[in-house]
Amino acid sequence: MAQRLPGVDVLLVGFGWTGAIMAQELTAAGHDVLAIERGSWRETSTDFAPSFIQDELRYRYHGHLFEQTAQETLTFRNTPDQTALPMRRLGSFLPGTGVGGSILHWNGQAFRFLPYDFEIRRQTAARYGEAMIPPDMTLQDWGVTYDELEPHYTRWEELCGISGQTGNLKGQKQAGGNPFEGPRSKPYPTPPMKQTYGPMLFGEAAASLKLHPFPCPSGNMSQAYTNPLGVSMAPCTYCGFCEKFGCGNYSKASAQTTILPVLMQRKNFTLRTECEVTRINLDGSGAHATGVTYVDAHGNEFEQPAELVIVCAYILHNVHLLMASGIGTRYDPATGQGTLGKNYCYQLTPSVDVFFDDKLLNPFVGAGALGMIVDDWNGDNFDHAGLGFIHGGYIGGYMTTGRPIETELLPEGTPKWGAKWKQAFVKNYLTSMSLSLMGSVMPNKANYLDLDPTYRDVYGRPLMRMTYDFKQNELKLQDFAMGKMVDIANAMKPREIKKSPRGPHYDIAPYQSTHNTGGAIMGVNRRESVVNRYLQHWDVPNLFVVGASAFPHNSGYNPTGTVSALALWAATAIRDQYLKHPGPLVQS
Amino acid sequence: MRQRALLTLAASGALIGAGMLVFGPLAHGQIGDFSRQERGRELVAAGDCVACHTAPDGQPFAGNRPIGTPFGTIYSANITPDAETGIGAWNEEQFYRAMHEGVASDGRRLYPAFPYPWFTKATRGDVDDIRAYLRTLEPVRSAQRPNEFTWPLNHRIAMAGWNRLFFTPGEFKPDKNQSADWNRGAYLVEGLGHCGACHTPKDVFGADKTSQRYQGSEIQNWFAPNLTGDKRTGLGTWSDQDIVAFLKAGHNNRTTAYGPMAEVVKDSTSKMSDADLKAIAIYLKSLPAAPAEEPSAAQGTAMSAGKSIYGDQCSACHQLGGDGVKNMFPSLKGSAAVQSRQPLSVVRLILNGGHPASGPAIPNALSMPSFGWKLSDDQVAAVATYIRNAWGNQAEPVSAGDVKALRDSVQAVNSAY
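Written out as structure tokens, the structure reads:
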């Protein structure tokens with residue numbers, strides 16, 4: 081029997097990045113907030129100190145900061161006619177656990193989505209006709225526009241000190257930036273990072289092909305920065321231990337480096353760690369959340385009443401928690417009915433490796449967001465007529481890391497082990513780099529999340545089941561983009577190149593990106609979406625679901641910027657509208 | 049470095065048992081006393097009373113913080129207005145006598161770890177205001193633990209002799225030739241602030257070496273830096289504003305408060321008015337430099353080994369040129385603390401790391417990580433020698449033996465609690 085605790089005003093499920101944003105916005109406005117986090121407390125000086133953080137085995141391969149599958153996992157299949165099996169070791173994506181969540185171990189690639197993304201269905205149909213959208217592509221607009229999100233993107237960039245080169249300031253194109261980006265109200269808070277030789281070669285090659293290279297906007301600091309909360313960040317040292325690691329130098333934007341020092345001093349904020357929420361509780365009407373049930377580290381169960389519940393976990397857990405709580409109607413691919421679990425998307429990341437004889441690229445000097453980008457084939461920045469796919473992705477020439485175990489770029493035909501492997505490794509380590517596509521993924525009626533009929537988690541709840549495969553849109557985009565990447569690679573004049581496409585079927589074993597999206601999507605009506613434009617649940621107005629779970633499709637960019645802007649947008653609506661007049665913010 | 053400047057008889061076990069048999073009126077302050085209580089609150093902050101009179105995880109001002117001294121461990125007194133276990137039964141006269149003469153309400157002599165040799169400088173009005181504030185606190189029932197002192201110091205009568213030799217009661221006398229700010233600063237530094245308790249070296253009796261006032265001293269395995277005008281090891285190159293910022297936030301563009309000073313900033317100086325901090329700065333800046341010492345040159349091998357270790361382990365934060373990052377990572381280049389006469393603090397920070405003060409002004413708690421687990425005594429000695437002598441710095445080299453002694457000593461203290 082769960083012990084019933086005294087009620088709270090605002091309860092956050094999960095205390096990663098969106099939880100930190102919500103807590104900061106709402107406590108600053110004077111509201112009492114309780115956050116419940118399944119993992120442990122973490123801070124820079126004790127958990128990621130530079131005296132030990134650069135430990136590839138501990139963090140990358142033993143997954144020290146990641147979700148442990150003994151605690152929670154999912155089952156997977158490519159298509160609905162297969163039987164899903166549980167993931168006993170995560171691979172393709174690595175959700176975080178613990179305070180700070182997944183942003184703790186991001187690379188820092190800090191993009192905004194294009195204005196096109198938020199009105200993708202309307203704009204695609206307007207430019208190419210409805211027939212451009214295949215019947216199995218469950219494409220829809222987001223219910224929010226770029227212009228509405230723009231101030232929140234700006235606030236996010238200021239919170240995190242994002243380093244970058246502005247490309248479009250209030251409609252005026254700026255030299256050296258991304259000419260395709262949506263208009264910004266302000267320039268980036270800090271200048272772009274200093275590029276090393278590899279990205280410079282990429283940029284020169286792209287320019288020679290009349291493309292528009294620009295430096296990747298970066299959550300790794302190009303210089304010391306103090307954010308509007310008064311929290312300071314230090315210049316990046318280009319150590320190359322970003323993705324899959326916490327930053328020991330206070331140089332990478334995260335909850336720990338931007339918000340927590342201020343938030344944790346507030347008397348109206350309470351954090352309960354090592355407590356996992358297992359269920360959101362509803363009253364008899366089914367239209368009002370009464371709070372949550374959670375289990376602490378000793379296995380004791382508690383009922384925590386709350387006036388307002390905001391779900392801020394990783395996207396897979398947001399969706400799973402709604403399903404496990406029986407909130408909303410689960411999506412059925414056979415009928416197209418239901419919304420919960422619909423439009424699960426991912427990211428398409430083929431690459432082309434380039435090998436030089438005469439150029440030392442020194443990959444050990446790196447940073448998660450150190451690279452040059454071209455956006456010429458992203459979104460609707462180019463004419464798709466006759467191509468057979470919509471959207472696209474950016475192509476990047478990054479030097480994110482030269483970490484010795486993980487960095488293994490070897491030419492075609494190299495043996496997998498032995499003396500020849502060693503020779504090839506030594507020969508190519510300093511003289512190779514990789515170009516990659518951050519490819520968009522369009523929603524498809526056969527890609528979705530639901531509950532597994534067989535396997536259960538440690539709390540007895542059915543595991544989340546993922547059904548996902550690359551579809552025609554992705555495969556045609558990949559063919560197109562591979563050609564463009566090969567053109568740029570050849571323009572870099574290497575000794576040789578190696579193409580590494582994905583697919584044709586999605587493989588969940590090798591790491592690709594922790595860019596899962598969808599499943600509890602936002603939209604303009606309750607028939608097509610789980611939450612409204614403010615991320616408020618259509619059926620339960622005192623429940624908000626924040627994170628990339630709200631994305632109706634995934635764009636050709638890393639999602640963190642848009643996750644953050646949406647969280648700030650939702651926090652603003654909760655603070656300025658919902659808490660003043662609780663109830664549905666959009667009438668359906 | 050092993051030559052220990054003996055501590056002041058740290059911390060007052062002193063108010064023990066005071067007033068046990070006297071039952072006074074209820075403790076809470078009277079309506080209408082607000083301005084006195086508010087002045088008292090500021091003075092209590094200036095005196096940093098809460099630091100010594102609060103046990104780890106204990107109620108503020110309820111005492112029983114264990115304080116290690118070379119003469120044994122003593123426990124601080126409960127100064128909440130609880131009639132039986134605190135000072136609720138003390139009258140104004142008794143309270144003033146404790147502050148002014150180091151004598152408790154029942155006539156027992158207090159140990160000078162309770163800094164009455166400094167507090168004696170406080171005016172009667174200020175002491176009364178302090179009492180007025182303390183009486184507004186919630187009374188906490190918490191009996192003081194007995195001190196663990198060695199003979200003969202377990203006999204309080206010993207303090208009578210000590211007082212005769214080393215203690216002159218008397219309120220602060222302003223110097224008419226100095227500005228009002230200077231006099232205010234002197235009053236705070238010499239009186240309630242009791243800065244000299246840590247920053248002035250002590251003789252074998254635990255009394256100030258008056259010829260070396262504020263020239264820096266070892267305390268609890270830290271080195272409280274030189275506060276005189278010395279350009280290399282003191283405040284000679286600091287501006288008034290540097291001092292104010294440091295006392296206000298625990299950080300400035302040069303350095304960070306660590307160890308016991310981080311607590312002082314958190315509990316005391318961060319709560320003082322800008323005007324008082326400025327006065328302190330003006331007074332400290334007037335302290336003459338100690339005669340220059342010429343350190344012996346660091347040896348080449350230690351310097352080259354230290355430089356390599358510094359590049360690998362330290363430069364990510366403190367930067368290759370030792371400049372640090374403003375408001376984040378202290379500059380080591382030109383740092384008085386780094387070049388101080390004894391390298392205790394430098395070595396201790398390398399071995400154990402340290403937690404700086406944090407607060408609204410600079411919210412990041414930018415702790416220094418520990419390197420004691422990964423660097424040997426030789427390596428710590430080399431890198432400490434390097435930072436004390438690189439970039440124009442100049443200070444005595446550090447030996448592996450120095451490092452080992454401190455490592456053992458700090459471990460012994462840590463394991464005692």
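Order-wise, the sequence lines are chains A and B.
Letter by letter, the first sequence follows residues 81 to 668 of this note's numbering.
Letter by letter, the second sequence follows residues 49 to 465 of this note's numbering.
For each residue, glycine too, the CB sits at the ideal point set by N, CA and C.
Values in this document were obtained by computation on a predicted structure and should not be read as measured data.
- Message: Pull the bridge partners of residue 272(B) from the DSSP assignment, please.
- Response: On the second sequence, residue 272(B) is found 224 positions in, with the first residue counted as 1. In the DSSP output, where bridge partners are listed per residue, residue 272(B) has 265(B).
- Query: Which residue comes first and which comes last in the alpha helix (DSSP H) that contains residue 543(A)?
  - Reply: As a first step, residue 543(A) must be located in the first sequence, where it is residue number 463. Segment 542 to 547 is the beta strand (DSSP E) holding residue 543(A); no alpha helix (DSSP H) there.
- If you count every other CB in all the chains shown that lies within 10 Å of the CB of residue 411(A), and 16 or more means buried, which is it? Here residue 411(A) is taken as the residue at index 331 of the first sequence, counted from 1. Looking at its Cβ environment, which holds 16 or more other Cβ atoms inside 10 Å, residue 411(A) is buried.
- Task: Could you say which of 86(A), 98(A), 114(A) and 136(A) lies nearest to residue 483(A) if we only look at CA atoms?
- Result: What you label residue 483(A) is simply residue 403 of the first sequence in a count that begins at 1. Taking only the C-alpha atoms, the option nearest residue 483(A) is 136(A).
- Message: Once DSSP output is grouped into helix, strand and coil, what is the label at residue 379(B)?
- Response: Taking the second sequence and counting its residues from 1, the one referred to as residue 379(B) is at position 331. Here residue 379(B) sits in coil by DSSP.
- Query: Which chain B residues sit within Cβ distance under 7 Å of residue 58(A)?
  - Reply: Absent from the structure is residue 58(A), since the part of chain A shown begins at 81 and ends at 668.
- Task: Could you tell me the distance, in whole angstroms, from the CA atom of residue 391(B) to the CA atom of residue 366(B)?
- Result: Along the second sequence, one-based indexing puts residue 391(B) at 343. Along the second sequence, one-based indexing puts residue 366(B) at 318. Each residue's alpha carbon lies about 18 Å from the other.
- DSSP state of residue 450(B), grouped into three classes? Counting from 1 along the second sequence, the entry for residue 450(B) is found at position 402. Three-state result, residue 450(B): helix.
- Query: Which of the three DSSP states, helix, strand or coil, is assigned to residue 416(B)?
  - Reply: Counting from one through the second sequence, the residue named residue 416(B) turns up at place 368. Looking at residue 416(B) - three-state DSSP - the assignment turns out to be strand.
- Task: Name, please, each residue of chain B whose Cβ falls closer than 7 Å to the Cβ of residue 223(A).
- Result: In the first sequence, the residue the question calls residue 223(A) occupies position 143. Going along chain B, no residue has its Cβ under 7 Å from residue 223(A), so there is no contact; the nearest lies around 36 Å.
- Exposure label - residue 228(B); buried when at least 16 CB within 10 Å: The sequence position of residue 228(B) within the second sequence is 180, counting from 1. Exposed: under 16 other Cβ atoms inside 10 Å.
- Message: Under DSSP, the beta strand (DSSP E) around residue 352(A) begins and ends at which residues?
- Response: Translated into positions along the first sequence, residue 352(A) becomes position 272. Run containing residue 352(A): 349 to 352, per the beta strand (DSSP E) assignment.
- Query: Using a threshold of 7 Å, is the CB atom of residue 538(A) nearer than that to any non-hydrogen atom of the ligand GDP?
  - Reply: Absent from the structure shown: the ligand GDP. Ligands present: none.
- Coil, strand or helix - residue 617(A) by DSSP: As a position in the first sequence, residue 617(A) is number 537, starting the count at 1. Residue state, collapsed to three classes: strand.
- Query: Is residue 330(A) close to chain B, meaning its C-beta is less than 8 Å from at least one C-beta of that chain?
  - Reply: Walking along the first sequence from the start, residue 330(A) turns up at place 250. Output row for residue 330(A): interface = yes.
- Message: Going by the DSSP bridge assignment, what does residue 361(A) pair with across the sheet?
- Response: For the purposes of this step, residue 361(A) is taken as residue 281 along the first sequence, with counting starting at 1. The partner list for residue 361(A) (beta bridge, DSSP) reads 371(A).
- Message: So for residue 660(A), helix, strand or coil by DSSP?
- Response: Mapped onto the first sequence, residue 660(A) falls at position 580. In the structure shown, residue 660(A) sits in coil (DSSP, three-state: anything other than H, G, I, E or B).
- Item | is_contact[residue 373(B), chain A] using C-beta, thresh 8 Å | If you number the second sequence from 1, residue 373(B) lands on position 325. Yes, residue 373(B) counts as interfacial toward chain A.
- Query: Are there three or more Cβ pairs, one per stretch, closer than 8 Å when the region 112 to 119 of chain A is compared with the region 345 to 363 of chain A?
  - Reply: yes
- Task: Please decide whether residue 377(B) counts as near chain A, where near means a Cβ-Cβ distance under 8 Å.
- Result: In the second sequence, the residue the question calls residue 377(B) occupies position 329. Residue 377(B) counts as touching chain A.
- Item | Own chain partners of residue 656(A) with C-beta closer than 6 Å, once the 5 adjacent residues on each side are dropped | For the purposes of this step, residue 656(A) is taken as residue 576 along the first sequence, with counting starting at 1. Excluding sequence neighbours, residue 656(A) sits near nothing in its chain.
- Inter-residue spacing [alpha-carbon to alpha-carbon] between residue 149(B) and residue 108(B): Here the question's residue 149(B) lines up with position 101 in the second sequence. Here the question's residue 108(B) lines up with position 60 in the second sequence. Whole-angstrom Cα-Cα distance: 25 Å.
- Query: Which value, in whole angstroms, describes the spacing of the CA atoms of residue 580(A) and residue 559(A)?
  - Reply: In the first sequence, residue 580(A) corresponds to position 500, counting from 1. In the first sequence, residue 559(A) corresponds to position 479, counting from 1. So the alpha carbons of these two residues sit roughly 11 Å apart.
- Looking at the C-beta of residue 432(B), does it have a partner C-beta in chain A at a distance below 8 Å? Residue mapping note: residue 432(B) aligns to position 384 of the second sequence, counting from 1. No, its Cβ sits nowhere closer than 8 Å to a Cβ of chain A.
- Task: Please state if the CB of residue 417(B) and the CB of residue 272(A) are separated by a distance shorter than 8 Å.
- Result: Residue mapping note: residue 272(A) aligns to position 192 of the first sequence, counting from 1. Residue mapping note: residue 417(B) aligns to position 369 of the second sequence, counting from 1. No, Cβ-Cβ distance for residue 272(A) and residue 417(B) is not below 8 Å.
- Item | CB of residue 187(B) within 8 Å of CB of residue 128(B), strictly | Position 139 of the second sequence holds residue 187(B). Position 80 of the second sequence holds residue 128(B). Yes, the Cβ-Cβ distance between residue 187(B) and residue 128(B) is below 8 Å.
- Start and end residues, beta strand (DSSP E) containing residue 162(A): The count along the first sequence starts at 1 and reaches residue 162(A) at position 82. Here residue 162(A) belongs to no beta strand (DSSP E), and DSSP marks it neither H nor E.
- Using a Cβ-Cβ cut-off of 6 Å (strictly less than) and excluding sequence neighbours within five positions of residue 234(A), which residues of its own chain qualify? The residue labelled residue 234(A) in the question sits at position 154 within the first sequence. 265 and 266.
- For the alpha helix (DSSP H) that residue 233(A) lies in, which residues bound it at each end? Indexing the first sequence from 1 puts residue 233(A) at position 153. Its alpha helix (DSSP H) spans residues 226 to 240.
- Item | 8 Å Cβ cutoff, residue 304(A) in contact with chain E | The chain labelled as chain E is not found among the protein chains of the depicted structure, namely A and B.
- Message: DSSP three-state label for residue 184(B), please.
- Response: Here residue 184(B) corresponds to residue number 136 of the second sequence, with the count starting at 1. Three-state result, residue 184(B): coil.
- Item | With 16 other Cβ atoms within 10 Å as the buried cut-off, status of residue 69(B) | What you label residue 69(B) is simply residue 21 of the second sequence in a count that begins at 1. Unreliable placement is indicated for residue 69(B), whose pLDDT of 33 sits below 50; the coordinate value is still reported in the next sentence. With fewer than 16 other Cβ atoms within 10 Å, it is exposed.
- Where does residue 295(A) fall in DSSP's three states? Residue 295(A) sits at position 215 when you count from the first residue of the first sequence. Strand at residue 295(A).
- Item | Counted within 10 angstroms of its Cβ, other Cβ atoms place residue 323(A) as buried (16 or more) or exposed | Numbered from 1 along the first sequence, position 243 holds the residue referred to as residue 323(A). Buried, since its Cβ has 16 or more Cβ neighbours within 10 Å.
- Nearest-angstrom Cα separation, counted from residue 122(B) out to residue 65(B): In the second sequence, residue 65(B) corresponds to position 17, counting from 1. In the second sequence, residue 122(B) corresponds to position 74, counting from 1. Unreliable placement is indicated for residue 65(B), whose pLDDT of 32 sits below 50; the coordinate value is still reported in the next sentence. The alpha-carbon atoms of residue 65(B) and residue 122(B) are separated by roughly 14 Å.
- Task: Note the first and the last residue of the continuous alpha helix (DSSP H) segment covering residue 579(A).
- Result: Residue 579(A) sits at position 499 when you count from the first residue of the first sequence. Premise fails: residue 579(A) lies in the beta strand (DSSP E), 576 to 580, not in any alpha helix (DSSP H).
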